[in-house]
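Going down the list, the protein sequences come from chains S and V.
So that you can map any letter, position 140 of the first sequence is 139 in numbering that gives the first Met the number 0, and since no number is skipped, the others follow by simple counting.
So that you can map any letter, position 128 of the second sequence is 127 in numbering that gives the first Met the number 0, and since no number is skipped, the others follow by simple counting.
2 protein chains.
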Amino acid sequence: MSGKYVHGYDPRENERLHDQAGTLVDLLHSDTAYPGGSLVLEVGCGVGAQTVTLARRSPDARFLSVDVSAESVDAARRRVEAAGLENVELRQADIFDAPFEAESFDHVFVCFVLEHLAQPREALAVVKRLLRPGGTITVIEGDHGSAYFHPDSAPAGEAIECLVELQRAAGGNSLIGRELYPLVSDAGFASVHVSPRMVYVDASRPELVDGFTRKTFTAMIEGVREPAIAAGLITAERFDEGIRDLHRTAEADGVFCYSFFKAVGEKR
Amino acid sequence: MSGKYVHGYDPRENERLHDQAGTLVDLLHSDTAYPGGSLVLEVGCGVGAQTVTLARRSPDARFLSVDVSAESVDAARRRVEAAGLENVELRQADIFDAPFEAESFDHVFVCFVLEHLAQPREALAVVKRLLRPGGTITVIEGDHGSAYFHPDSAPAGEAIECLVELQRAAGGNSLIGRELYPLVSDAGFASVHVSPRMVYVDASRPELVDGFTRKTFTAMIEGVREPAIAAGLITAERFDEGIRDLHRTAEADGVFCYSFFKAVGEKR
């Protein structure tokens, strides 16, 4: 996690992404399934939002899900137990100093994590060492620069740019989705395949209007109001105008587009 | 067509889009097929690039393809004949003053046309009158604001914005893709469904790197160099920097994203 202003708005922690927009979960995860008996390392599990989806879809695989935050791991453990899942072990661990043996995992899964790291390349190198030859890595990230909408709005663009700037200042990269191909390739993975996962929202998809445009994306941008103004990135008036314009895209004639990117690579 | 600076770079006239990037044709057209015996009006066929794809995919439907430019229609006729297609009739016609009876077509197809029109809503109303009840309209448009890439580049964004501005000044709208849902809905079509068609290009897809990033998108932006500079929208130096940066996205570690939008609606 890169800082306080992201906390609570991170898609990893957003129930709404799951409860109100099942189609989005399908969009991101429906093509990820691990064979029975395989051991999968989930890096940066946060409070376990992806963990539950992941473990349910591969009931005969075993998951070791780790996060640098002990508090998040506790929350993830409660969530996994509440879901009745028995194929997940949770552990607090810093991936840059992880107590795991080289080549001890069959697969690695990394979702909404690299965007927060100052050293995403090093993180990929670390997990590559933990992966056995023939194993796969799956990386999913968003890209805040992929957001566009109707009606178009300069203030909304500036409000979004505040989050990008704050995340950059904190060492992260909100535009990392589009970079997954070179990042994963440069880390030495083979057969890298990246597929974009575009969330397209218009009034014919009301569950996404509410669950994604309003309560996920716009809420995430609204969450940086105070730090953005405090950092002098924007005036309060302009920021609020941007938020109004984002809500405007959720009206009957509005449209909202955002893309996630999913990369899969193999360790040879 | 909205003006000279678009001519020759319009995807409708771009052979490369077809010859070198068959996957792109599939992306846009693979789910369009008309039943045998149906009569389809293609509005704004240009030089017939889409016409050939369309007529081949529905060999038992009949097409009447029209364009306001007699010169384009002649070129389209040669192309259709060269392709050996016998289910296409070509005719010069202005859709706003078309000599067709109301409700005389089973389906209407409109591809890369609305972006050039000052009155897209009126055009949709006109074709709706020509369509029989129960017939469908299919609209495909690009959206130049959907382009983003790695490495990111401010000058490249400004060069793209020049095309957007020039098209706006000519009465068109290069950001129309994202607006298809409200446009087609407001024209009174029912069951409107819009699906985005994202072109994602990285080094693992070399035919798209060359056929789309370089020779379609970047070439299209390069084509507005003179009018953009003449209009005072940008300096020559800044524009050329933008073009260099667009070519940079076609290198081994580059990524390029662009989205088309396809809308289908029904006349009740």
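Backbone N, C-alpha and C fix where the C-beta goes; we use that ideal spot for every residue, glycine too.
Query: Coarse secondary structure for valine 112 of chain S, derived from DSSP in three states; Result: coil
Query: Residue nearest to aspartate 244 of chain S in terms of C-alpha spacing, selected from S:Ile139, S:Thr31 and S:Glu157; Result: S:Glu157
Query: Contacts around proline 132 of chain S, its chain only, beta-carbon distance under 6 Å, and the 5 residues preceding and following it disregarded; Result: Lys266
Query: Beta-carbon neighbours of glutamate 114 of chain V, restricted to chain S and to distances below 8 Å; Result: By Cβ distance, chain S contributes nothing, its closest Cβ being about 14 Å from glutamate 114 of chain V, past 8 Å.
Query: Beta-ladder partner(s) of aspartate 142 of chain S, from DSSP; Result: S:Ser258
Query: Listed by chain order, chain S residues near histidine 192 of chain V by CB distance under 9 Å; Result: Ser203
Query: CA-to-CA distance, valine 87 of chain V to arginine 120 of chain V, given in whole angstroms; Result: 27 Å
Query: Continuous alpha helix (DSSP H) stretch holding glutamate 157 of chain V: start and end; Result: 153-168
Query: Own chain, CB closer than 6 Å to alanine 249 of chain S, minus 5 neighbours either side, in chain order; Result: Val208, Thr212 and Arg213
Query: CB-CB length for valine 72 of chain V against glutamine 91 of chain V, believed under 8 Å; Result: 5 Å
Query: Start and end residues, beta strand (DSSP E) containing valine 269 of chain S; Result: Here chain S has residues from 0 to 267 only, and residue 269 of chain S is not among them.
Query: Residues that cysteine 256 of chain V contacts on chain S, provided the C-beta gap is smaller than 8 Å; Result: Ser145, Arg177, Pro195 and Ser258
Query: 8 Å Cβ cut-off: residues of chain V touching tyrosine 33 of chain S; Result: Simply none; closest approach about 23 Å.
Query: Chain V residues whose Cβ lies nearer than 9 Å to that of phenylalanine 211 of chain S; Result: In chain order: nothing, as chain V lies at least about 14 Å away.
Query: Interface partners of proline 174 of chain V on chain S, CB under 7 Å; Result: The residue asked about is misnamed: residue 174 of chain V is leucine in this sequence, not proline. Going along chain S in sequence order, the residues near leucine 174 of chain V (Cβ under 7 Å) are Asp151.
Query: Residues bridged to aspartate 66 of chain S (per DSSP); Result: S:Gln91
Query: Buried or exposed by the 16-neighbour rule on C-beta atoms within 10 Å, applied to serine 258 of chain S; Result: buried
Query: For isoleucine 136 of chain S, the three-state DSSP class (helix, strand or coil); Result: strand
Query: Opposing strand residues paired with serine 41 of chain V [DSSP bridges]; Result: In the sequence as presented, serine is not what sits at residue 41 of chain V; that position holds glutamate. The partner list for glutamate 41 of chain V (beta bridge, DSSP) reads V:Ser64 and V:Phe108.
Query: Pair within 7 Å by beta-carbon distance, isoleucine 94 of chain S and valine 138 of chain S; Result: no
Query: Sequence-distant residues of the same chain with beta carbon closer than 6 Å to cysteine 44 of chain S, five excluded per side; Result: Thr50, Ser64, Asp66 and Ala75
Query: Contact check, proline 195 of chain S vs methionine 197 of chain V, beta carbons under 7 Å; Result: yes
Query: Cβ neighbours of leucine 38 of chain V in the same chain (closer than 6 Å, five flanking residues each side left out); Result: Arg61, Phe104 and Asp105
Query: Closest Cα partner of glutamate 236 of chain S within the set S:Arg224, S:Arg247 and S:Ala81; Result: S:Arg224
Query: Cβ separation of aspartate 59 of chain V and glycine 36 of chain V, assumed to be a contact under 8 Å, to the nearest whole Å; Result: 7 Å
Query: Residues that phenylalanine 148 of chain S contacts on chain V, provided the C-beta gap is smaller than 8 Å; Result: Arg177
Query: Short CB-CB distance (under 7 Å) between aspartate 252 of chain V and chain S; Result: yes
Query: Proximal chain S residues relative to proline 119 of chain V, where beta-carbon distance stays under 7 Å; Result: Per Cβ cutoff of 7 Å: no residues; proline 119 of chain V is ~13 Å from chain S at best.
Query: Members of the stretch 93-112 of chain S that neighbour chain V once the beta carbon cut-off is set at 7 Å; Result: none
Query: Secondary structure of glutamate 265 of chain S, DSSP reduced to three states; Result: strand
Query: Of the listed residues S:His192, S:Leu129, S:Pro150 and S:Leu116, nearest to isoleucine 175 of chain S (C-alpha basis); Result: S:Leu116
Query: Candidates S:Gly144, S:Val42 and S:Val193: closest to aspartate 96 of chain S by CA position; Result: S:Val42
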